[in-house]
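S.K.: Have a look at this one.
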Amino acid sequence: MKYDMLILRFGEVTLKGKNRTRFENTALSHVRRLVAAFPEVEVRKEYGRIYVELHGVDSDQVVPRLQNVFGINSICLVKRAESELEHIQAIALEFMHEVMERYGEDAIIPFKVSARRVWKGFPHGSQEMNHLIGTPVLRTFPALKVNVNQPVVDLRIEIRQDGTYIYHEVVQAVGGFPLGSNGKAMLLLSGGIDSPVAGWSALRRGLEIECVHFHSYPFTSERAQQKVLDLAKVLAGFAGKIKVHMVPFTEIQTRFTQVGHDNLIITLMRRSMLRIATKLAEQHRAMALVTGDSLGQVASQTLGSMNVIGKATDIPLLRPLVMMDKNEIIDISVKIGTYDLSILPFEDCCTLFVPKSPATNPNLRIVEQIEAHIEGLDALIDEAVKNTETIVLRDDIDEESSAEKETVTADFKGSNEPTTKLIEDSWF
Amino acid sequence: MLYFDHCASTPPYDEVVQTLSEVMRMQYSNPSSIHQAGLAAEKLVTRSREVIAAALKVSPNEILFTSGATESNNIAIQGAALKKKSRGNHIITTGIEHSSVYECCRLMQRQGFDVTYLPVDASGCIRLEDLQAAITEQTILVSIMHVNNEMGSIQPIAEIGKLLSDYPRIIFHVDGVQGLGKLPVQLKEWGVDLYSISAHKVRGPKGVGLLYCREGVQLQSLYAGGEQERGLRPGTLNVPGIVAMAKAIRMTIERQPEAVEKMLQLRNQLIQVVDSIPELVLNSGRDTERAAPHIVHFSYPGMKPEVIIHMLEESDIMASTQSACSSKDLKPSRVLLAMGCNEARAAGGIRISLAAEQSEQDIATLEAALRIIVTKLKPLERG
Chain A
1 MKYDMLILRF
11 GEVTLKGKNR
21 TRFENTALSH
31 VRRLVAAFPE
41 VEVRKEYGRI
51 YVELHGVDSD
61 QVVPRLQNVF
71 GINSICLVKR
81 AESELEHIQA
91 IALEFMHEVM
101 ERYGEDAIIP
111 FKVSARRVWK
121 GFPHGSQEMN
131 HLIGTPVLRT
141 FPALKVNVNQ
151 PVVDLRIEIR
161 QDGTYIYHEV
171 VQAVGGFPLG
181 SNGKAMLLLS
191 GGIDSPVAGW
201 SALRRGLEIE
211 CVHFHSYPFT
221 SERAQQKVLD
231 LAKVLAGFAG
241 KIKVHMVPFT
251 EIQTRFTQVG
261 HDNLIITLMR
271 RSMLRIATKL
281 AEQHRAMALV
291 TGDSLGQVAS
301 QTLGSMNVIG
311 KATDIPLLRP
321 LVMMDKNEII
331 DISVKIGTYD
341 LSILPFEDCC
351 TLFVPKSPAT
361 NPNLRIVEQI
371 EAHIEGLDAL
381 IDEAVKNTET
391 IVLRDDIDEE
401 SSAEKETVTA
411 DFKGSNEPTT
421 KLIEDSWF
Chain B
1 MLYFDHCAST
11 PPYDEVVQTL
21 SEVMRMQYSN
31 PSSIHQAGLA
41 AEKLVTRSRE
51 VIAAALKVSP
61 NEILFTSGAT
71 ESNNIAIQGA
81 ALKKKSRGNH
91 IITTGIEHSS
101 VYECCRLMQR
111 QGFDVTYLPV
121 DASGCIRLED
131 LQAAITEQTI
141 LVSIMHVNNE
151 MGSIQPIAEI
161 GKLLSDYPRI
171 IFHVDGVQGL
181 GKLPVQLKEW
191 GVDLYSISAH
201 KVRGPKGVGL
211 LYCREGVQLQ
221 SLYAGGEQER
231 GLRPGTLNVP
241 GIVAMAKAIR
251 MTIERQPEAV
261 EKMLQLRNQL
271 IQVVDSIPEL
281 VLNSGRDTER
291 AAPHIVHFSY
301 PGMKPEVIIH
311 MLEESDIMAS
321 TQSACSSKDL
331 KPSRVLLAMG
341 CNEARAAGGI
351 RISLAAEQSE
361 QDIATLEAAL
371 RIIVTKLKPL
381 ERG
């Protein structure tokens, strides 16, 4: 169907008091960014809603993008009429013709009209309008049966001074809070399935995120790092822009293999990672850490391990996936488009030094003792923070910024000849 | 030289030649190697996939690189048929397909599949009623070319896709070799599952092509080998060829609107020439809805086309009999016979295939040569 306009409705944001305008404006600018590719499309905000005037652009192209706007709960697909009775009736009939095409001639469809007169200057009241619209519609489509309690087709008529909005179809959007409206956190991003999903969950909850990735080059390949950047790129598609902090972890990791407690390597590593991430969080003014931990999934995610590992940081450690089943996590990763990247076979640093039987219930006191005996661990951690390289990834919507990505990735990775420089733009 | 054989192959863009040689010289590593140089080569392939996907308005993971359209067609047809074997054994194609599709279907026939070869009307197009009638419970694959390579007839791909949308289990393959760059290609809107493309028909290098494979469509691999291209086309990726193809496809699609206009103009000019020489019979269509802009096909009934080709050659004009892939056998054209031409006409076909870079003067030169040839040959005509 050809729609004239979309109405985007906020979710939980509407519960907010004084911050509400800020939240709504954040969502508004998110919407603007996503429709920037369609110059005809016009966006405006009214109390509690965002209106997107399509001006001829196909709604099928716009709606899937806008379903990803955090803070938006639902999108109504609207046809417009002038606020005059005859015109409303005519457009409503036309609208119903197209609706009925979808259901077929013979189906019996429970139906109601929900008219709402917002503009009190309009001569007919809401109740009266229900009849004035319902009667000609029912006469034209005998398959419709009035059912005000459980309608399948609920024809909504919203009468305003500038025009009347007619709609029926409401598509669900992603919900949550507008981008970045709840502060900033550091996401520990591995190359696996879980952490990108945790990142997306954090974004949806209104957290701005910066990613922290630990690499152990040459024990891990450059492809593993590229994979993480590709995953972060997907997140950038939701967030507009994502920073990735690439932390060199080789030295710390190899040092842990020398202490003679192989079963505790993972615990020790994870604690160091949290320490480094916490320091990066301080530097970048983030107030929490986000991980993809899911209770019981692996040795480092048992309750005992979580306890010992979690003690390594003093800022909130958020685990959005902690109570989710793997299948649910996979479903989300497929939906947000990280799954296919996550299952690529390149090892990240966690899977490399995995001992045969990692501790599932480490003893905090022993772990702390071991750490105290590793000479220069704090210095190594500071060193890792210092040598962290930061890459900014942007969503591809505007080409200019993706070019920036190219130049940034070009200086990343400590090799003397950056590989991306060997790619000439003129070749394409 | 006047080159009128753009259906057989096209002169590569200068930029494509440059890209090909630069990439070949600078990025020689294997994109499957794990070192940095390999990674850089892999990035080139990834970028190429993105460039092509954007030009075709599909997703990068739907692009499968191959060695050309013959391989694409084989992977598509054999791969789909073998994968769907347990569901049915009926394939529908047309009588006017390129040999890489036609012979592939014949091979499947020898392996126990039933194949229906749809007839075409006098303009070289299939009829939707025939397709509809041919579909059975057993049908697993429909393979219909976009633009016929001999005659230039355009098959109603959008309508076929619409018809097949009622049969979601039938895979729809289109040999798009002569369509890309000459007609709009709207794979998603048409509901095409598989679409074969060759680089050298759109001013790219030879030895490289691709198969668009819609997400969700599964194919049986025909090869044993590495994991490249999801195992469907194992073997070291042709990095320079792929990058050069990406450039050629992008440039071709960007230039398509003006190019088509120019080709149509040349085509109309040439059709007038053919019409004005009574010995010649136009075989290709006149209606721009059903005939591609770059092909003019005509016969000199009773005259062996090789003679005309060689006489044109003496004037340094290159044209073609039938399609290059089958022009060595002297049998009457399968395509022309399918269109209902008599044997004399079907055996005497000359194909002139145009490019937008050519001029009216070029057509005038061709006209002059044709008139001289006809005058010389007139006394030698055989019934």
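Chains as they are written, first to last, in our numbering: chain A, 1 to 428; chain B, 1 to 383.
Beta carbons are placed, not taken as given, at the ideal position from N, Cα and C, and that holds for glycine.
Just checking my contact of B:S353 with B:H6 at CB under 8 Å: how many whole Å lie between their CB atoms?
M.R.: Contact between B:S353 and B:H6 holds, with the beta-carbon distance rounding to 4 Å and staying under 8 Å.
S.K.: Would you identify the three-state DSSP class for A:M323, choosing helix, strand or coil?
M.R.: coil
S.K.: At a CB distance below 7 Å, what residues from the stretch 16 to 31 of chain B approach chain A? Give them in sequence order.
M.R.: T19, E22, V23, M26, Q27
S.K.: Specify the secondary structure class of A:K413 as computed by DSSP and reduced to three states.
M.R.: Only weak support exists for where A:K413 lies, its pLDDT of 40 falling under 50; the value from the coordinates is given anyway. Coil.
S.K.: Just verifying my parser: in three-state terms, what is the DSSP assignment at B:T139?
M.R.: strand
S.K.: Can you name the residues of chain B whose CB is closer than 7 Å to the CB of A:R223?
M.R.: I34, L39
S.K.: List the residues of chain B that A:L422 touches, going by C-beta distances under 7 Å, in chain order.
M.R.: M26, Q27, A40
S.K.: So what does B:M318 bridge to, in DSSP terms?
M.R.: B:Y3
S.K.: The ligand NAD and B:L194: does any heavy atom of the ligand fall closer than 7 Å to the residue's C-beta?
M.R.: Among the components modelled here there is no ligand, and therefore nothing to report on the ligand NAD.
S.K.: Just list the beta strand (DSSP E) runs in the stretch 67 to 138 of chain A, keeping only unbroken ones of 3 residues or longer that don't cross its boundaries, in chain order.
M.R.: 72 to 81, 109 to 117
S.K.: Round the Cβ separation of B:D175 and B:M151 to the nearest angstrom and send it over; I've been treating them as touching at under 8 Å.
M.R.: Between B:M151 and B:D175 the Cβ distance is about 14 Å, and since that is not below 8 Å, they are no contact.
S.K.: Please list, in chain order, all residues of the same chain as A:G304 whose beta carbon is under 6 Å from its beta carbon, the five residues on each side excluded.
M.R.: Here the set comprises N361.
S.K.: Can you tell me whether B:F298 is helix, strand or coil according to DSSP?
M.R.: strand
S.K.: Within the continuous alpha helix (DSSP H) that includes B:C105, where are the two ends?
M.R.: 99 to 110
S.K.: Can you look up B:D175 in the DSSP assignment and give me helix, strand or coil?
M.R.: Looking at B:D175 - three-state DSSP - the assignment turns out to be strand.
S.K.: Restricting to Cα atoms, I'd like to know which of A:S272, A:V392, A:T302, A:I343 is closest to A:P358.
M.R.: A:T302
S.K.: Over what stretch of residues does the alpha helix (DSSP H) that includes A:H168 continue unbroken?
M.R.: Where A:H168 is concerned, there is no enclosing alpha helix (DSSP H), although the beta strand (DSSP E) it sits in stretches over 163 to 172.
S.K.: Strictly below 7 Å CB to CB, what residues from chain A border B:K162?
M.R.: Correct list: empty, because the minimum Cβ distance to chain A is about 15 Å.
S.K.: Taking just the CA atoms, how far does A:K18 sit from A:R33?
M.R.: Between A:R33 and A:K18, the C-alpha separation is close to 25 Å.
S.K.: So, does the CB of B:A246 fall closer than 8 Å to a CB anywhere in chain A?
M.R.: yes
S.K.: When you compare only the Cα positions, how much space is there between B:G226 and A:P345?
M.R.: 15 Å
S.K.: Taking Cβ positions, are A:F177 and A:E12 nearer each other than 8 Å?
M.R.: yes
S.K.: Measuring only the C-alpha atoms, how far is A:I193 from B:M26?
M.R.: 35 Å
S.K.: At a Cβ threshold of 8 Å, is A:K405 touching chain B?
M.R.: Unreliable positioning characterises A:K405 in this predicted model, as indicated by a pLDDT of 39, which lies under 50. A coordinate reading is not provided.
S.K.: Leaving out five residues on either side along the sequence, give the residues of the same chain with a beta carbon under 7 Å from the beta carbon of B:E229.
M.R.: L64, F65
S.K.: Can you find a C-beta in chain B that's less than 8 Å from the C-beta of A:Q61?
M.R.: no
S.K.: Using a beta-carbon distance cut-off of less than 8 Å, what residues from the stretch 44 to 69 of chain B approach chain A?
M.R.: L44, R47, S48, V51, N61
S.K.: First and last residue of the alpha helix (DSSP H) that includes B:T66?
M.R.: Here B:T66 belongs to no alpha helix (DSSP H); instead the beta strand (DSSP E) covers 63 to 66.
S.K.: Which of the residues in the stretch 300 to 312 of chain A, read from start to end, lie with their CB under 8 Å from any CB of chain B?
M.R.: Within the stretch 300 to 312 of chain A, no residue has a Cβ that lies closer than 8 Å to any Cβ of chain B.
S.K.: What does B:R250 reach in chain A if we use C-beta pairs closer than 9 Å?
M.R.: F428
S.K.: Rounded to the nearest angstrom, how far is the Cβ of B:G181 from that of B:G207, given a contact under 8 Å?
M.R.: With a Cβ gap of about 19 Å, B:G181 and B:G207 do not count as contacting.
S.K.: As a quick exercise: from B:S100, B:R110, B:C105, B:V243, pick the residue whose alpha carbon is nearest that of B:S196.
M.R.: B:S100
S.K.: With 8 Å set as the bound, which would you pick, yes or no: does the beta-carbon of B:V243 sit closer than that to a beta-carbon of chain A?
M.R.: yes
S.K.: Can the beta-carbon of A:H245 be found closer than 8 Å to that of A:L207?
M.R.: no
S.K.: For A:L235, tell me which candidate among A:M1, A:L187, A:M269, A:F23 has the shortest Cα-Cα distance.
M.R.: The candidate whose alpha carbon is nearest that of A:L235 is A:L187.
S.K.: In terms of residues, what are the limits of the beta strand (DSSP E) holding B:G349?
M.R.: 349 to 353
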